[in-house]
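Written below as structure tokens is the structure these notes are about.
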Amino acid sequence: MSEIPGPAYRIHTPRLVIRCWNPVDAPLLKTAIDESVDHLRPWMPWAYNEPEDLQKKIDRLRSFRGKFDLGQDFVYGIFNKDETRVLGGTGLHTRIGEGAREIGYWIHKDYTNQGLATEVSAALTKVAFEIDGVERVEIHCDAENVRSAAVPRKLGYTHDATLRKRVRAHDGTLRDAMIWSLLRQDYPSSPAAAVQIEAFDAIGRPIPLKPVLP
Numbered sequence: 000m001s002e003i004p005g006p007a008y009r010i011h012t013p014r015l016v017i018r019c020w021n022p023v024d025a026p027l028l029k030t031a032i033d034e035s036v037d038h039l040r041p042w043m044p045w046a047y048n049e050p051e052d053l054q055k056k057i058d059r060l061r062s063f064r065g066k067f068d069l070g071q072d073f074v075y076g077i078f079n080k081d082e083t084r085v086l087g088g089t090g091l092h093t094r095i096g097e098g099a100r101e102i103g104y105w106i107h108k109d110y111t112n113q114g115l116a117t118e119v120s121a122a123l124t125k126v127a128f129e130i131d132g133v134e135r136v137e138i139h140c141d142a143e144n145v146r147s148a149a150v151p152r153k154l155g156y157t158h159d160a161t162l163r164k165r166v167r168a169h170d171g172t173l174r175d176a177m178i179w180s181l182l183r184q185d186y187p188s189s190p191a192a193a194v195q196i197e198a199f200d201a202i203g204r205p206i207p208l209k210p211v212l213p
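In terms of numbering that gives the first Met the number 0, the sequence shown opens at residue 0 and continues consecutively.
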């Protein structure tokens, strides 16, 4: 049988389903964001545009799916195991250049402090290196967001820099941004390499992982 290439449309972790958004997910996404908007606003400038109506959510998810299918950007929803509730959102973003991915994430307010952001980021780190074959993965976060910064630290990422006055907040002020990275050469010894996941393509076929040798 020929090798099944990425991207990974669906990823299973011990507690979660991480998968490409579909427009039919719009009601679940709207509920999750509406319930979490006050929790998200200090760190996610887009949350100040919430709540959005359902049609805007449908249009947004159509855009996410289109870019995913074209290989332009890879935005995922985070679901519970039976996919009846959205627990957050994440992505393997291409905006930092060729051969690299940037992981972003947000978690529903009722599911914080349970290690879900770490579980998600570990899974996407593994996908980036073992399926997408990238050379570098980065995580960026507000320098004051202590919980978010703990995620790359736990997964063996290196704090490369804190860039002063680099990210514009919703009120126009500039805030410091932390840049964390994990290189392909350092990935095999990182905690992310040890996580157990299953990945599937657009029609549900399992995608074989390619372990990175030290």
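Don't be surprised by glycine CBs; every beta carbon is placed ideally from N, CA and C.
Nearest-angstrom Cα separation, counted from residue j out to residue i
i: residue 218; j: residue 79; result: Residue 218 cannot be examined here, being either before or after the span of the chain that is shown, 0 to 213.
i: residue 115; j: residue 75; result: 14 Å
i: residue 185; j: residue 191; result: 11 Å
i: residue 22; j: residue 64; result: 8 Å
i: residue 83; j: residue 120; result: 21 Å
i: residue 39; j: residue 32; result: 8 Å
i: residue 134; j: residue 60; result: 28 Å
i: residue 213; j: residue 183; result: 9 Å
i: residue 34; j: residue 88; result: 14 Å
i: residue 128; j: residue 98; result: 10 Å
i: residue 152; j: residue 62; result: 32 Å
Burial state of residue i (16 or more Cβ within 10 Å)
i: residue 0; result: Any reading at residue 0 must be qualified, since the residue scores a pLDDT of 43, below 50, and its modelled position is unreliable; no value is offered.
i: residue 125; result: buried
i: residue 91; result: buried
Other residues of its chain near residue i: CB distance less than 6 Å, five sequence neighbours each side excluded
i: residue 166; result: 174 and 176
i: residue 155; result: 189 and 190
i: residue 110; result: 86
Beta-carbon proximity list for residue i, same chain, < 7 Å, skipping 5 on both sides
i: residue 36; result: 46, 49 and 50
Identified DSSP bridge partners for residue i
i: residue 92; result: 101
i: residue 87; result: 77 and 106
i: residue 174; result: 166
Neighbourhood of residue i by C-beta distance below 8 Å, restricted to the same chain and skipping five residues each side
i: residue 132; result: 209
query: Using 8 Å as the threshold, is the stretch 193–208 in touch with the stretch 169–179, meaning 3 or more CB pairs across them?
result: Taking 8 Å as the limit for Cβ pairs, the verdict is that the stretch 169–179 does not touch the stretch 193–208.
message: Count Cβ pairs between the stretch 25–33 and the stretch 145–157 that sit closer than 8 Å; are there 3 or more?
response: Result no; under three Cβ-Cβ pairs closer than 8 Å.
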